[in-house]
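Just so you know, the sequences run in chain order A and B.
Under this note's numbering, think of the first position of the first sequence as 1, with each following residue one higher.
Under this note's numbering, think of the first position of the second sequence as 1001, with each following residue one higher.
Note that CB positions come from ideal geometry on N, CA and C, so glycine has one too.
Okay, so here's the structure we're looking at.
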Amino acid sequence: MEYPLTRLDEKILSLKNASKKALVAYLVAGDPDLDSTLELMHGFVGAGVDILEVGVPFTDPIAEGPIIQAAHDRALKNNTSLTDIFKLIKKFREKDSDTPIILMGYINTFLASIKALKESHTFGSDAVLIVDIPGESDLKNIGIKNTNLASISLIAPTTSKDRISKICNNSSGFIYYVTLRGVTGSSHLNISEAESNINYIRSQTSLPIFAGFGIKTPDDASNLSKISDGVVIGSSLVEMIHNQSSQKEFKKIYNYLNEISEAISL
Amino acid sequence: MNKLTDLPNSDGFFGEYGGKFVPETLMHALKELDETYSTLKSNPKFIEEIDQDLVQFVGRPSPLYFAKRLTDHYSGPKIWLKREDLNHTGAHKINNTVGQILLAKAMGKKRIIAETGAGQHGVATATVAARLGLECHIYMGAKDVERQSLNVYRIKLLGAEVHAVDSGTATLKDALNEAMRDWVTHIEDTYYIIGSVTGPHPYPMIVRDFNAIVGRELRKQSIEQFSQYPDAIIACVGGGSNAMGIFYPFLGESNVELIGVEAAGSGLKSGKHAAPLNDGEPGILHGAKSYLMQDENGQVIDTHSVSAGLDYPGVGPEHSNLKDSGRANYIAVDDKEVLDSFHLVTKLEGIMPALETAHAFAALDHIAKNYQSNQHLVINVSGRGDKDINTVATMDGISLD
């Protein structure tokens, strides 16, 4: 069946046509506060970010390392809810109608706001990445039959081959390859293993494959971009946001993203 | 529809509850565990090895004891105690760890991790790891490390490392989060011994099966000692492993009433409690769908209980299904009732129950009047109270220093 292209599909297509690798940047909504998150989202795009991944805070984020856990805690201290995040996205869309937004989080918070989530494409969200559902289940399994919201799945180094094809069949947008065994922000990056796994995934799907978890330096990003279609930066950004949040001076972060952006376009 | 005794289904669901809601990295390990367990559980050598450990190392069978003075106190039904407190290490938790450590061995894992609340599961895990000479790491909420210091020291004496978890509410749920993160990071060489009938499939099934020895013994003992099955079985429920272990072999006996007792903490109406089956909504935490203490945004809310072992916002998925199906009933008793009950049982029977277990005893104040003197109630004495002496003294306003 043919579907109209979503904002995410269009972005991916335009990157492909320009032979460019995607830069995906993660931040936790509400850390340090929602106004800063809005400012950072626009700032990220200005610094070369192609796709935004907005973390939805949860009390028990089991896939996150200490840096992102702490950011979830800070956002929850501000009572950041998914409803607030939908408002944030609406505001972001007032100035940017082009950059795709992925909501990344844990199933229990999404289930609590399932009605609003189903409608969320109408005010500007483009995809959902739920960390704690099996990859072969898609949004339909949680009651979202909506082709306007892409369902992004993770594939890990431990994912078996038979499941890789099932996951690919139930995914849209792109495949997110987890580059390490560990939580977000760990440092067990294994490029050669990632390369052979990504090559295998490619044999199973025409979706682009982005790599993430554990990318810290422009070198990491450059190495991974050579074997994938894009990279996701998370923990290192969240750490920088936290370090800069008292004076709300985010220029350092944008410089860092510029460096990453250049490193992956070489 | 499947019979209750045939659950979970192959995807790990008990009705609508259970499943495998975990980060992708863990999916393969869960499948591997499921396959290993399916193969081994009917292997005569494996069964023989567990049975031998249960007899010679744990000290099973545990007695079924007639509590005469407690029976006189309530002047109603006959009250019997299933004495899991007499097991090696002092609680039912060892039934599960002797089984799971053999799964770990069969899978060639070199490193053992576990979470613990009251510390009983930590002790039971460190004990079996010591016996096989395996490296062992126990995750425990920082708040629990403090209130269960005796067990923390026991775990260390057994050669395991205790990791105090400061994140979140610094209790059992956070210890579970941290154990899961450890597992994601060391997936190749590490076996995670979950201590309750919680977590992703196949854990709720495996932990139930290893604890079901308690219910199987009770079937035999009740016929031998009072010539019928019990009229009701009462057990405390945090995650719910002692309750599931004693309930499961009776699920098909519709004349046997099953009563789970949750922690009402400062009272159900206060909101400060740990009673998701009484006052929670279905949600997903730690890999399974089940009743959960959560707010309208799907955030898990803080729990409160005097008992560290019941201080958990979720509950095993099989209990959620038993609740919805009506096969089991779940009530809740508050901290004050629990403390009173602890003193009552200690003085009347010379048995000092764990504060978790004291919840099951406290239920007698509510339900004993519903039974006649020719009926038989069995309380699962899930653990002994030595570990709780400091907490009890503090609650009584007595300093032990």
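8 Å Cβ cutoff met for residue i and residue j
| i | j | result |
| --- | --- | --- |
| G212 (chain A) | V231 (chain A) | yes |
| V1345 (chain B) | P1230 (chain B) | no |
| A1126 (chain B) | T1198 (chain B) | no |
| D1084 (chain B) | S1382 (chain B) | Position check: residue 1084 (chain B) holds Glu in this sequence, whereas Asp was assumed. Cβ atoms of E1084 (chain B) and S1382 (chain B): closer than 8 Å. |
| G46 (chain A) | Y256 (chain A) | no |
| L23 (chain A) | V49 (chain A) | yes |
| L117 (chain A) | Y176 (chain A) | no |
| A1124 (chain B) | K1156 (chain B) | no |
| S172 (chain A) | A150 (chain A) | yes |
| I68 (chain A) | T184 (chain A) | yes |
| L1277 (chain B) | K1323 (chain B) | yes |
| R202 (chain A) | I209 (chain A) | yes |
| Y1139 (chain B) | V1165 (chain B) | yes |
| G1133 (chain B) | H1088 (chain B) | no |
| A1232 (chain B) | G1260 (chain B) | no |
| H1028 (chain B) | T205 (chain A) | no |
| P100 (chain A) | D132 (chain A) | no |
Exposed unless 16 or more other CB atoms sit within 10 angstroms - verdict on residue i
| i | result |
| --- | --- |
| Y1432 (chain B) | Any property of residue 1432 (chain B) remains undetermined from this structure, which presents chain B solely from 1001 to 1401. |
| M1 (chain A) | Confidence in M1 (chain A) is poor, its pLDDT being 42 and thus under 50, which makes the residue's placement unreliable; the coordinate value appears in the next sentence. Result: exposed. |
| S1222 (chain B) | buried |
| N1297 (chain B) | buried |
| G1119 (chain B) | buried |
| E94 (chain A) | exposed |
| E1224 (chain B) | exposed |
| V1056 (chain B) | Going by the sequence as given, residue 1056 (chain B) is Gln instead of Val. That one is exposed. |
| T1394 (chain B) | exposed |
| G1292 (chain B) | The sequence as given places Leu at residue 1292 (chain B); Gly does not occur at that position. Result: buried. |
| G1385 (chain B) | buried |
| R1069 (chain B) | exposed |
Coarse secondary structure for residue i, derived from DSSP in three states
| i | result |
| --- | --- |
| G182 (chain A) | coil |
| M1 (chain A) | The predicted position of M1 (chain A) is uncertain, since its pLDDT is 42 and thus under 50; a value taken from the coordinates is nonetheless stated next. Correct three-state label for M1 (chain A): coil. |
| N1327 (chain B) | Checking the displayed sequence, the identity of residue 1327 (chain B) turns out to be Arg instead of Asn. Coil. |
| K11 (chain A) | helix |
| E1262 (chain B) | strand |
| F1210 (chain B) | helix |
| T1169 (chain B) | coil |
| T1116 (chain B) | strand |
| A63 (chain A) | coil |
| D1334 (chain B) | strand |
| A22 (chain A) | strand |
| V1381 (chain B) | coil |
| F1066 (chain B) | strand |
| K1003 (chain B) | coil |
| L1030 (chain B) | helix |
| D1401 (chain B) | coil |
| L189 (chain A) | coil |
| L257 (chain A) | helix |
| V56 (chain A) | coil |
| S153 (chain A) | strand |
| G1019 (chain B) | strand |
| V231 (chain A) | strand |
| V1345 (chain B) | helix |
Residue i CB to nearest heavy atom of the ligand PLP below 7 Å
| i | result |
| --- | --- |
| Q204 (chain A) | The model on display carries no ligand, and the ligand PLP is accordingly not part of it. |
Checklist entry - Going along the segment 175-191 of chain A in order, which residues come within less than 7 Å of chain B, judged by CB to CB distance? => result Close to chain B, meaning a Cβ-Cβ distance shorter than 7 Å, are the following residues of the segment 175-191 of chain A: V178, R181, G182, V183 and S186.
Item to check | Length at least 3, wholly inside the segment 93-148 of chain A: the beta strand (DSSP E) runs in chain order | outcome: Taking only runs of at least 3 residues, the beta strand (DSSP E) segments lying wholly in the segment 93-148 of chain A are 101-105 and 127-130.
Next on the checklist: If the cut-off is 8 Å on Cβ atoms, which residues from the segment 74-90 of chain A count as contacting chain B, listed in chain order?
Outcome noted: If the cut-off is 8 Å between Cβ atoms, the segment 74-90 of chain A has L76, S81, L82 and T83 near chain B.
Checklist entry - Which parts of the segment 1075-1112 of chain B are runs of the alpha helix (DSSP H), unbroken and 4 residues or longer, counting only runs that do not cross its ends? => result Fully enclosed alpha helix (DSSP H) runs of 4 or longer: 1093-1106.
Item to check | Residues of the segment 1085-1112 of chain B with Cβ closer than 9 Å to any Cβ of chain A, in chain order | outcome: When C-beta distances to chain A are compared with 9 Å, every residue of the segment 1085-1112 of chain B stays at or above that value.
Next on the checklist: Beta carbons nearer than 7 Å to chain B: which residues of the segment 20-50 of chain A have them?
Outcome noted: Per Cβ criterion, the list is empty.
Next on the checklist: Restricting to runs no shorter than 3 residues, where is the beta strand (DSSP E) found entirely within the segment 1262-1317 of chain B?
Outcome noted: Assignment of beta strand (DSSP E) within the segment 1262-1317 of chain B, counting only whole runs of 3 or more residues, yields 1281-1285 and 1287-1292 in chain order.
Checklist entry - What residues in the segment 1027-1053 of chain B have a beta carbon less than 8 Å from any beta carbon of chain A? => result Sequence-ordered contacts of the segment 1027-1053 of chain B with chain A read M1027, H1028, A1029 and K1031 [C-beta pairs closer than 8 Å].
Item to check | Contact list for the segment 113-135 of chain A against chain B, Cβ threshold 8 Å | outcome: Across the segment 113-135 of chain A, CB contacts with chain B closer than 8 Å involve S113, V131, D132, I133, P134 and G135, in sequence order along the chain.
Next on the checklist: What ranges does the beta strand (DSSP E) occupy inside the segment 1118-1168 of chain B, keeping only unbroken runs of at least 3 residues that lie completely in it?
Outcome noted: As far as the segment 1118-1168 of chain B is concerned, its whole beta strand (DSSP E) runs of at least 3 residues are 1135-1141 and 1161-1165.
Next on the checklist: Please list, in chain order, the residues of the segment 1144-1177 of chain B that have any C-beta partner in chain A closer than 7 Å.
Outcome noted: Closer than 7 Å at the C-beta level to chain A, one finds these residues of the segment 1144-1177 of chain B: S1167, G1168, K1173 and N1177.
Checklist entry - Taking any Cβ of chain B, which residues in the segment 142-166 of chain A have a Cβ under 8 Å from it, in chain order? => result Within the segment 142-166 of chain A, the residues whose Cβ lies closer than 8 Å to some Cβ of chain B are S153, L154, I155, A156, P157, T158, T159, S160 and R163, listed in chain order.
Next on the checklist: Counting only Cβ-Cβ distances shorter than 7 Å, please list the residues of the segment 88-108 of chain A near chain B, keeping chain order.
Outcome noted: So the close ones are I107 and N108.
Item to check | Length-filtered (4 minimum) alpha helix (DSSP H) runs lying within the segment 1176-1263 of chain B | outcome: Qualifying alpha helix (DSSP H) stretches, in chain order: 1203-1211, 1213-1226 and 1241-1247.
Checklist entry - What residues in the segment 1012-1025 of chain B have a beta carbon less than 7 Å from any beta carbon of chain A? => result Cβ contacts with chain A: K1020, F1021, V1022, P1023, E1024 and T1025.
Item to check | Within 9 Å of chain B by C-beta, residues of the segment 52-69 of chain A in sequence order | outcome: The residues in question are P57, F58, T59, D60, P61, I62, A63, E64, G65, P66 and Q69.
Checklist entry - Name the residues in the segment 1272-1284 of chain B whose C-beta lies less than 7 Å from a C-beta of chain A; which are they? => result Within the segment 1272-1284 of chain B, G1283 and I1284 place their CB atoms closer than 7 Å to a CB of chain A, listed in sequence order.
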